[in-house]
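So the structure is just underneath, and the comments pick up after that.
2 protein chains.
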Amino acid sequence: MKRLFLLIALILSTLATEAQQRPNIVVFVVDDMGWMDTSVPFANKVYPLNERYHTPNMERLAREGMKFTNAYATPVCSPTRVSMLTGMNAANHGVTNWAMPFKNQNSDNPDAQLGFAAWNINGLSPVAGIPRTAYATPFPQILKEHGYITLHVGKAHWASAGTPGASPHNLGFMVNLAGHVAGRPYSYLGEDNYGNIQGKPYDVHAVPDVAEYFGTDTYLTEAITLEALKTLEAPIRNNQPFFLHMSQFAVHDPYNPDRRYMQKYLDAGLSQIDAMYASMVEGVDKSLGDIMDYLEKKGVAGNTLFIFMSDNGGLSLAYAGRGKAHTQNLPLRAGKGSVYEGGIRVPMLVKWPGVVRPSTVSHFPVIIEDYFPTILEIAQVEKYEVVQQVDGMSFVPLLKSPNKKAAERALVWHVPNKWTSDDGPGINYKSAIREGDWKLVYHMRDGKLELYNLKADLGETTDLAAKHPKRVKALATKLGQRLRQWEAPMPLFKSTGKPVPMPDEVPQSIN
Amino acid sequence: MKRLFLLIALILSTLATEAQQRPNIVVFVVDDMGWMDTSVPFANKVYPLNERYHTPNMERLAREGMKFTNAYATPVCSPTRVSMLTGMNAANHGVTNWAMPFKNQNSDNPDAQLGFAAWNINGLSPVAGIPRTAYATPFPQILKEHGYITLHVGKAHWASAGTPGASPHNLGFMVNLAGHVAGRPYSYLGEDNYGNIQGKPYDVHAVPDVAEYFGTDTYLTEAITLEALKTLEAPIRNNQPFFLHMSQFAVHDPYNPDRRYMQKYLDAGLSQIDAMYASMVEGVDKSLGDIMDYLEKKGVAGNTLFIFMSDNGGLSLAYAGRGKAHTQNLPLRAGKGSVYEGGIRVPMLVKWPGVVRPSTVSHFPVIIEDYFPTILEIAQVEKYEVVQQVDGMSFVPLLKSPNKKAAERALVWHVPNKWTSDDGPGINYKSAIREGDWKLVYHMRDGKLELYNLKADLGETTDLAAKHPKRVKALATKLGQRLRQWEAPMPLFKSTGKPVPMPDEVPQSIN
Chain A
1 MKRLFLLIAL ILSTLATEAQ QRPNIVVFVV DDMGWMDTSV PFANKVYPLN ERYHTPNMER
61 LAREGMKFTN AYATPVCSPT RVSMLTGMNA ANHGVTNWAM PFKNQNSDNP DAQLGFAAWN
121 INGLSPVAGI PRTAYATPFP QILKEHGYIT LHVGKAHWAS AGTPGASPHN LGFMVNLAGH
181 VAGRPYSYLG EDNYGNIQGK PYDVHAVPDV AEYFGTDTYL TEAITLEALK TLEAPIRNNQ
241 PFFLHMSQFA VHDPYNPDRR YMQKYLDAGL SQIDAMYASM VEGVDKSLGD IMDYLEKKGV
301 AGNTLFIFMS DNGGLSLAYA GRGKAHTQNL PLRAGKGSVY EGGIRVPMLV KWPGVVRPST
361 VSHFPVIIED YFPTILEIAQ VEKYEVVQQV DGMSFVPLLK SPNKKAAERA LVWHVPNKWT
421 SDDGPGINYK SAIREGDWKL VYHMRDGKLE LYNLKADLGE TTDLAAKHPK RVKALATKLG
481 QRLRQWEAPM PLFKSTGKPV PMPDEVPQSI N
Chain B
1 MKRLFLLIAL ILSTLATEAQ QRPNIVVFVV DDMGWMDTSV PFANKVYPLN ERYHTPNMER
61 LAREGMKFTN AYATPVCSPT RVSMLTGMNA ANHGVTNWAM PFKNQNSDNP DAQLGFAAWN
121 INGLSPVAGI PRTAYATPFP QILKEHGYIT LHVGKAHWAS AGTPGASPHN LGFMVNLAGH
181 VAGRPYSYLG EDNYGNIQGK PYDVHAVPDV AEYFGTDTYL TEAITLEALK TLEAPIRNNQ
241 PFFLHMSQFA VHDPYNPDRR YMQKYLDAGL SQIDAMYASM VEGVDKSLGD IMDYLEKKGV
301 AGNTLFIFMS DNGGLSLAYA GRGKAHTQNL PLRAGKGSVY EGGIRVPMLV KWPGVVRPST
361 VSHFPVIIED YFPTILEIAQ VEKYEVVQQV DGMSFVPLLK SPNKKAAERA LVWHVPNKWT
421 SDDGPGINYK SAIREGDWKL VYHMRDGKLE LYNLKADLGE TTDLAAKHPK RVKALATKLG
481 QRLRQWEAPM PLFKSTGKPV PMPDEVPQSI N
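One line per chain: the protein sequences are A and B, in this order. So the first sequence is numbered by the UniProt record's numbering: it starts at 1 and just counts up by one. So the second sequence is numbered by the UniProt record's numbering: it starts at 1 and just counts up by one.
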């Protein structure tokens with residue numbers, strides 16, 4: 001009898017302890033935030049742009065955790081978001097450009113030379129058989145099935161209306177607040193009702209679930225932060241592990257002033273538009289700080305893993321009006337939409353008390369599809385079934401030991417799409433592969449292959465392809481193998497109806 | 001040592017058992033469903049309208065639980081919804097007409113004789129100091145603080161945009177799905193994207209959170225049912241008690257055909273509009289059945305209290321097009337908006353396995369503000385603090401014993417508003433009180449007092465005021481006392497600027 005009770009007590013207390021020990025997980029994603037849009041220097045020195053922006057909470061997170069200097073997303077939004085939730089490389093899931101709000105529409109621009117690739121224009125689907133979607137099991141679904149309270153707040157944009165992925169509830173989120181099928185808000189201003197304006201035409205970008213703030217001066221960044229804190233009340237009170245996907249609409253356009261911070265940037269001599277952008281960045285920084293503060297106040301910060309990142313590089317197109325095109329991410333080349341570093345390298349910070357040592361830095365390359373296995377490992381989910389092939393690798397070993405010599409691996413980017421009506425640097429119809437310090441860029445239009453050494457040449461200014469033909473061939477072969485293995489979508493030559501060749505199948509005469 | 005472990009085991013197992021024992025609670029609210037809009041007869045015999053409608057799941061719920069034949073709401077939507085969440089009579093909370101989608105707008109019609117009453121046009125607020133709102137602590141907040149997972153799906157409409165109550169998250173709901181600030185949907189049709197239509201003007205009635213079904217033939221009733229089942233997954237899996245406020249938009253206008261059921265009603269000889277309405281009713285019935293089925297399949301039906309009701313009487317205005325005005329709730333007089341029984345008496349069914357005996361009936365009057373103390377008692381919340389005076393009484397004793405002779409009490413309705421541009425039977429500027437079988441109706445325009453005996457005259461056809469002056473006086477006094485105590489809003493006579501007199505202050509010369 002004594003032993004029976006001993007056993008019961010042991011089992012019950014073990015269960016209780018285990019339930020408590022699983023960490024909470026916050027992934028704080030900023031939209032379109034560039035690698036340099038922060039006072040935290042991710043390069044090896046402080047650049048003027050680092051001095052422009054005031055992001056004390058990003059600095060605080062860097063002090064309390066680990067800075068990843070070689071963290072990667074994809075060049076645009078939906079591919080990154082789908083990769084995060086599925087663990088698949090974009091070339092594998094096939095959502096290689098952004099999903100249009102309404103289904104069966106292609107966001108690619110038409111092109112004289114190349115026809116549309118058969119990419120998954122409708123985004124992610126947790127249900128099989130939905131035309132032109134990436135069918136996969138999203139990790140929030142797995143977390144939910146393992147007792148996590150799964151919360152999505154802010155921008156969703158995983159799939160088009162009329163498909164199951166349009167609803168975050170179908171992607172494993174128990175709560176969806178403000179997530180819709182559009183990739184940006186109509187407006188950040190409460191005075192604009194965030195786009196829900198009587199007397200104006202319907203606009204799919206109008207933000208749902210924030211009617212409370214209509215007509216007030218509450219900036220959208222602030223509104224969804226306040227809402228996010230509310231979603232945390234119950235799981236914290238119930239002592240349940242939670243996963244919060246805090247997905248800021250900022251700093252995507254439209255550029256609206258976050259008036260709490262405008263004047264200081266104007267006083268510092270910034271132009272109206274640059275000040276506006278900087279104010280949006282600082283609004284996001286406040287949101288980050290507010291969530292960190294809340295977790296501390298509630299006594300759960302010590303058992304919460306906090307990841308901060310952006311979904312692609314900073315917007316650098318001329319129409320954005322912020323200075324000369326493609327200079328906004330310097331020293332990185334180009335910006336959003338590009339396979340050059342300015343388009344894919346993103347700020348990333350990770351705090352995990354008791355595991356990640358404060359003020360550490362990891363230079364090891366990580367990529368967005370790594371989030372899937374990483375988060376499931378952190379959540380102590382050991383066995384799970386998924387319908388997709390997961391490409392990412394857990395970076396938990398790096399969190400435990402930033403200088404650990406991890407296995408060498410190649411990272412791949414793939415854009416068989418025409419994102420902008422005019423091609424730009426690294427923008428439209430490109431693939432790229434990085435292995436170690438070497439990066440190969442493949443131009444689909446003309447079959448050109450460029451080679452850069454990122455260690456020596458972070459800005460990708462000097463093409464070394466002619467100097468290192470063997471390395472070019474090796475990387476092109478590896479890239480080609482990956483793309484074939486994934487059955488990556490490719491554009492077609494209109495003249496022949498044939499797909500663009502793989503990087504290792506380009507006729508020698510071209511290169 | 002042995003005793004220590006014994007104690008620990010005992011405490012832990014007790015905690016675990018208690019946590020499991022608290023029942024789940026589903027409140028399934030239909031919008032504008034009349035007392036006769038069902039094949040379940042709530043009157044003492046089967047009427048032709050009962051034979052018109054096919055509601056097998058309402059019948060099933062009645063078989064498995066208790067039918068309340070004297071259940072009351074208020075004449076229109078927002079007052080009922082605020083009373084339910086706060087436990088306050090409408091005359092107490094002051095939200096006596098429906099809240100406009102945008103704040104600081106009055107839904108009352110202008111009137112030549114009477115000026116606007118100072119009612120709470122902006123609805124319910126959980127935050128103090130918001131102009132023209134009813135400040136109160138909603139019970140979902142209390143449930144959430146006591147470990148319930150609180151879920152709202154469907155129509156919200158507790159408060160206007162620009163005030164805290166506009167967000168169900170501020171009313172204690174952890175999940176809000178499709179709830180917005182409007183009192184009806186733009187459309188029930190997926191083909192219409194439920195009102196989210198490109199190229200059309202913005203419409204506040206467009207339904208959020210259902211983009212997944214855009215362009216499909218999924219009727220809104222079905223869409224939000226599917227979504228509701230998703231919200232139940234996590235609490236059931238985690239063995240946490242949940243409260244689901246399943247708030248159907250149907251059968252409020254606009255009348256759109258639920259095509260799954262149209263033909264059978266057309267075949268039965270109903271007109272197009274009557275068939276449309278009947279199809280909407282049956283769509284709601286299917287939703288009810290689907291939720292009941294799901295709970296059974298998941299093995300939690302046995303520990304779930306299920307309440308079914310409507311938020312006011314059936315719409316009976318001529319413009320609705322369904323037959324002759326004010327006949328749709330016969331044998332009850334009038335319909336939505338009226339203080340006659342057709343406007344306030346609603347279908348109500350309660351299933352509570354192990355407590356409520358199957359196929360029982362309670363004739364005892366209950367009213368919407370009773371839900372507050374009832375639900376908190378069922379949830380075993382014994383101590384709680386609220387900022388409001390709760391008027392409702394728990395009907396748990398009735399559930400346990402339907403024929404229990406409960407304390408006699410008076411129920412009050414109060415409409416110092418002009419809901420429709422033309423007055424109708426019992427519609428605009430009325431108060432009423434019911435005690436036992438007697439009901440007094442007060443007409444504010446002319447001070448007239450009518451008296452009915454509901455037992456003998458369910459249809460309120462014979463005014464007995466002249467015959468029973470003492471009873472009239474007693475009821476008018478009680479009604480006047482209540483209204484004064486609650487500081488109920490009253491309209492003003494434009495000619496004098498003075499408020500309409502209380503029913504017990506009407507000059508004798510008038511009556």
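C-beta atoms are modelled at their ideal positions from N, C-alpha and C, and glycine is treated no differently.
Cβ-Cβ distance between residue i and residue j below 8 Å
| i | j | result |
| --- | --- | --- |
| M174/B | I149/B | yes |
| N32/B | G314/B | A small fix is needed here, since residue 32/B is Asp in this sequence, not Asn. In contact: D32/B and G314/B (Cβ atoms closer than 8 Å). |
| F214/B | N238/B | no |
| A62/A | A159/A | no |
| W119/A | N417/A | yes |
| W35/A | L458/A | no |
| G183/B | H157/B | yes |
| F28/A | M280/A | no |
Residue i classed as buried or exposed, judged by whether at least 16 other C-beta atoms fall within 10 angstroms
| i | result |
| --- | --- |
| R409/B | exposed |
| A206/B | buried |
| Q263/B | exposed |
| K467/A | exposed |
| V387/A | exposed |
CB contact check: residue i to chain B, cutoff 8 Å
| i | result |
| --- | --- |
| P208/A | yes |
| F139/A | no |
| A228/A | no |
| F102/A | yes |
| M292/A | no |
| A379/A | no |
Residue-chain proximity (residue i, chain A), Cβ-Cβ < 8 Å
| i | result |
| --- | --- |
| I130/B | no |
| K144/B | yes |
| V181/B | yes |
| A334/B | no |
| E408/B | no |
| A19/B | Unreliable positioning characterises A19/B in this predicted model, as indicated by a pLDDT of 49, which lies under 50. The coordinate reading is nonetheless provided below. Taking Cβ atoms only, chain A never reaches closer than 8 Å to A19/B, which makes this a no. |
| A166/B | yes |
Reduced DSSP secondary structure (H/G/I, E/B, other) of residue i
| i | result |
| --- | --- |
| T461/B | coil |
| H443/B | strand |
| N453/B | strand |
| M280/A | helix |
| S83/A | helix |
| Y186/A | coil |
| E212/A | helix |
| K498/B | coil |
| P201/B | strand |
| Y194/B | helix |
| E435/A | strand |
| F395/A | coil |
| F102/A | strand |
| S310/B | strand |
| N24/B | strand |
| S287/B | helix |
| S125/A | strand |
Bridge partners - residue i, DSSP secondary structure assignment
| i | result |
| --- | --- |
| N417/A | Paired residue(s): none; N417/A is not in a bridge. |
| S338/B | I427/B |
| residue 513/B | Outside the displayed range of chain B (1 to 511) lies residue 513/B, so it cannot be described from this structure. |
| M348/A | F68/A and M309/A |
Within-8 Å CB hit, residue i to chain C
| i | result |
| --- | --- |
| T216/A | Included in the structure are the protein chains A and B, with no chain C among them. |
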